[in-house]
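Residue numbers (the UniProt record's numbering): 1 to 67.
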């Protein structure tokens with residue numbers, strides 16, 4: 001290991017890399033990858049704040065029937 005100072009007075013450490021035969025091998029995990037999914041909201045349009053209950057559905061061009 002060596003230490004050196006740079007022009008901005010930073011202390012830099014230089015490490016020697018081990019030989020390939022002396023390094024530990026990297027193993028890949030055997031667990032399966034989980035698939036991500038989008039979660040749908042449980043609130044419907046009627047349950048949201050500000051909605052009018054029992055709102056009549058209006059169809060364009062049709063008059064409401066008299067009861």
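Each residue gets a CB set at the ideal place from its N, CA and C atoms; glycine is no exception.
Rounded separation between residue i and residue j - CA only
{"i": "residue 23", "j": "residue 35", "result": "33 Å"}
{"i": "residue 13", "j": "residue 39", "result": "48 Å"}
{"i": "residue 105", "j": "residue 8", "result": "Nothing can be reported for residue 105, as the shown portion of the chain is limited to 1 through 67."}
{"i": "residue 56", "j": "residue 29", "result": "58 Å"}
{"i": "residue 66", "j": "residue 37", "result": "48 Å"}
{"i": "residue 50", "j": "residue 33", "result": "42 Å"}
Three-way DSSP call (helix, strand, coil) for residue i in this model
{"i": "residue 11", "result": "strand"}
{"i": "residue 65", "result": "coil"}
{"i": "residue 41", "result": "coil"}
beta-carbon residue i near the ligand SAH non-hydrogen atom, thresh 7 Å
{"i": "residue 63", "result": "What this structure holds is no ligand at all, so the ligand SAH is not there to describe."}
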